[in-house]
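Q: As numbered in the working numbering, residues -10 to 614 make up the sequence shown, in order.
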Amino acid sequence: MKQEIFLGNGAIALGLMEAGCQVMTSYPGTPSSEILPEAIRLIKSEALNTYVEWSTNEKVALDNAFAAAISGKRAACCMKQVGLNVAADTLMSAVYMGTVGGLVIISCDDPGPHSSQTEQDTRFMARLAKIPILDPATPEEARLMASLAMELSEEFRIPFILRPAIRVCHARQNLSWDTLKAKHIKYGARKASFEKDPGRWAATPRFRFILHGELNKKLDAIGERFSALSHINYHNLDEGKQYPLGIIAGGVPFAAINDILKDEKRDDIPLLKLGAPYPLPKRLTDEFMGACEKVLVLEETDTLIEYLLGDNRKVLGRISGHVPSQGELLPKVIFDCLGKILKELKLEPFNRRENYGINQLVQSLELPIRKPTLCAGCPHRASFFTIRKTRPKTIFTSDIGCYTLGLNLGAVDTVLDMGAAITMASGFYHAYKQDGVDQPVVATIGDSTFYHSGTAGLLNAVYNDARFILVILDNLITAMTGMQPTPGIGIRADGSKGKAIPLERVVKGCGIDFIEEVDPYDTKAMGALMKQATQYVESPDGGIAVIIARHPCVIAYRAEAVPERIPVEVTDDCTECNFCHDRFECPALYKDESLGRTDINQALCVQCGVCLQVCPTGAIVATEE
């Protein structure tokens, strides 16, 4: 038996491998990004026969995993919560059609949100699609639920969703585990065998109606099974006893309230854990609700359990205003909510004030607050600087990635969703063109995001004769989510060699005639190219101009990104005009109070030398090391 401290996402990977997962697909996105790399680590160390891939987007990932599952394999697909939106079309149909082998969809939620566009609650997507869902409270439970989800999926022949929140994904826990090889023998030897059945796998609307009825019967049976899963859904009621207040909780809030009640020694408040909230284990919840006069529901991020319980007279939660309607349910938040409810119901209050000392400690440190910014030496900073300098009166549409931080540089006006930089640029062009106005638009999108969802938008824009400049910010990596490879570099998820698909070929295939590459570190060359692209866009025979601003990520490729180091310093010629701070915002540039001017933080400076091209007074100069 082995002992190892696992990241929550690693625990999920372990659970999937213990369940004999044979095919695993993913698209990276915080907080899910580590699941596939952790699976690869286990696969290599244990010599398992499991196929893995970074897919180009979440729908592609789910389509691949679903095909494997209906061929009889055990498969898994990993993404973050907003990624499930991309895969929604597949999701809604896959559950009707069902599976043959197991299929587990891991959708990691981000209450807060910490690194997402929304606080979306995957449980509602599961309810909409009618897919059973499991909601772990700890890494160990996530591991067990991943394996359970695979078993139940194969038993009932429908996909299951595992929904770990960010606090589970990024927590660490010491786990005991045994060799995986023996566990994989049973399922790893299973051969793909797709049995043709067009009435099911290619079902017309008439047959989909029949499949929907079969699905509803499966959900009823799963709901009963959930009521009997005492390690997933359980309560601590004393038989025959009535309580003035009970608490229903799931996921991370369960872990918090469980600790609070134990610390306060409050055995007078029963607790029902719902690790499998949908389909609702009705027999268990009815039993709990019947024993309590009032029930507080603690769940992230929305009100699924509240809605499913349906008793507004008895239930306290977000709908009643007793629980905040947004944000994480941190221990302090839960403590304060429950304290107010105890006072309202005239029940015994808590013995102490909730502080855990941490809040006071953090406040006493008086740590400076710094807004997120691009890394020192990031090529995107140079790109945005040049874009804004050459096209100041422009609408700047952008996308999801590190480069979203171009908003600090005044070169990002819109960020909607993956791929929307291109589609919104097209929309803006046509909206203004309708009024006879030639409004300049510059769209920026990353290389990974372009592969993810840029092509369809670009095809549409070309087909409908939109006019704008598209700058693809190619740093040769998916940087923001943890340095995953892109199709452009031809490296697969496990490090093996794949076929590289250059951006230029994809862009040309979308119908683009103006395609130019530039190194954004050379701001003069990029500025000249921006002017050339503008002329092309505005010419009668022009169209969309695509500039590929290509330079390696300074974190992923340190040596390649800065092959020639240029030490710099700020001279006394600095007039404190703040241009470098407002328009360039390199974290290595800071205001030195003792000098009374801007200076270089040499610990942060990567010596890329780009700032030499930025200072309007020439106060930043190269120097000898």
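Beta carbons: idealized from backbone N, C-alpha and C, even for Gly. Just so we're clear, the structure is a prediction, and the values are computed from it rather than from any experiment.
Over what stretch of residues does the beta strand (DSSP E) that includes T433 continue unbroken?
A: Element bounds for T433: 430 to 435.
Q: Determine the extent of the beta strand (DSSP E) in which G235 is found, giving its start and end residues.
A: 232 to 238 is the extent of the beta strand (DSSP E) around G235.
Q: Would you kindly work out how many angstroms separate the C-alpha atoms of V89 and M13, rounded to a whole number?
A: If you take the alpha carbons of V89 and M13, they lie about 16 Å apart.
Q: Please report the straight-line C-alpha distance between T111 and F417, rounded to a whole angstrom.
A: Cα to Cα, T111 sits roughly 32 Å from F417.
Q: Give the single residue among L169, E337, M519 whose Cα lies nearest to the Cα of A36.
A: When each option's Cα is compared against that of A36, the closest is L169.
Q: The alpha helix (DSSP H) that contains I330, what's its start and end?
A: Its alpha helix (DSSP H) spans residues 320 to 333.
Q: Please state the DSSP three-state secondary structure of K180.
A: Correct three-state label for K180: coil.
Q: Would you give the residue range spanned by the alpha helix (DSSP H) that R189 belongs to?
A: Start and end: 187 to 190.
Q: Taking the C-alpha atoms as reference points, what is the distance between G229 and I199?
A: Cα-Cα distance, rounded: 43 Å.
Q: Could you tell me whether the segment 511 to 528 touches the segment 370 to 385, using the rule of 3 or more Cβ pairs below 8 Å?
A: Touching, yes.
Q: Rounded to a whole number of angstroms, what is the C-alpha to C-alpha distance between E505 and D454?
A: Their Cα atoms are separated by approximately 20 Å.
Q: Which word fits C566, buried or exposed, when buried means at least 16 other C-beta atoms lie within 10 angstroms of its C-beta?
A: Flag for C566 reads exposed.
Q: So is F183 buried or exposed if we call it buried at 16+ other beta carbons inside 10 Å?
A: Exposed, because fewer than 16 other Cβ atoms sit within 10 Å of the Cβ of F183.
Q: Note down the Cα distance separating V312 from K69, rounded to an integer number of angstroms.
A: One C-alpha to the other measures close to 25 Å.
Q: May I ask you to report which of helix, strand or coil DSSP gives L261?
A: Three-state DSSP puts L261 in a strand.
Q: Give me the residue from V71, S82, I32 with the minimum Cα distance to A56.
A: Out of V71, S82, I32, S82 has the C-alpha closest to the C-alpha of A56.
Q: Buried or exposed for H369, please, with buried defined as at least 16 other CB atoms from any protein chain shown within 10 angstroms of its CB.
A: That one is buried.
Q: When you compare only the Cα positions, how much space is there between T362 and N397?
A: So the alpha carbons of these two residues sit roughly 7 Å apart.
Q: List the DSSP bridge partners of F385.
A: In the DSSP output, where bridge partners are listed per residue, F385 has V431.
Q: Quick one: what's got a C-beta closer than 8 Å to I(-6)'s C-beta in the same chain, skipping five residues either side?
A: Answer for I(-6): R161, Q162, N163, L164, listed in chain order.
Q: Should D5 and A54 be called a contact, given that it needs their Cβ atoms to be closer than 8 Å?
A: Here residue 5 turns out to be Leu, not Asp, going by the sequence shown. No, the Cβ-Cβ distance between L5 and A54 is not below 8 Å.
Q: Tell me the DSSP secondary structure of C97 in three-state form.
A: In this structure, C97 counts as strand in the three-state DSSP scheme.
Q: Please classify D291: does DSSP put it in a helix, a strand, or coil?
A: Of the three classes helix, strand and coil, the one that applies to D291 here is coil, per DSSP.
Q: In the DSSP assignment, what are the bridge partners of D615?
A: This structure gives no information on residue 615, because the portion of the chain shown stretches from -10 to 614.
Q: Could you round the C-beta distance between Q11 and K48 to whole angstroms and report it? I think they count as a contact, below 8 Å.
A: Actually they do not touch by this definition, with Cβ atoms about 21 Å apart.
Q: Below 8 Å on the Cβ atoms is my guess for P121 versus Y267; work out the distance and round it to an integer in Å.
A: The Cβ separation is near 6 Å, so the contact holds.
Q: Comparing C-alpha positions only, which one of A265, R554, V401 sits nearest to L133?
A: With distances taken between Cα atoms, L133 lies closest to A265.
Q: Give me the Cβ distance between T379 and M519, rounded to the nearest whole Å; I'm assuming they're in contact under 8 Å.
A: Confirmed, about 4 Å.
Q: Between H540 and D508, what straight-line distance do the alpha-carbon atoms span, to the nearest angstrom?
A: Their Cα atoms are separated by approximately 6 Å.
Q: CA-CA distance, S314 and R307?
A: In a straight line, the C-alpha of S314 is about 6 Å away from that of R307.
Q: Would you please state the rounded distance, in angstroms, between the beta carbons of E282 and P233? I believe it to be under 8 Å.
A: At roughly 5 Å, the Cβ-Cβ gap stays under 8 Å, so E282 and P233 are in contact.
Q: Assign K69 to one of three DSSP states: helix, strand, or coil.
A: In this structure, K69 counts as strand in the three-state DSSP scheme.
Q: Measuring alpha carbon to alpha carbon, tell me which residue in A126, L459, A135, K335 is nearest C67.
A: It is A135.
Q: Distance, Cα to Cα, C542 vs L465?
A: C-alpha separation (whole angstroms): 7 Å.
Q: Need the endpoints of the alpha helix (DSSP H) that A50 sits in, please.
A: Counting along the chain, the alpha helix (DSSP H) containing A50 begins and ends at 47 to 59.
Q: For N590, name the three-state secondary structure that DSSP assigns.
A: Three-state result, N590: coil.
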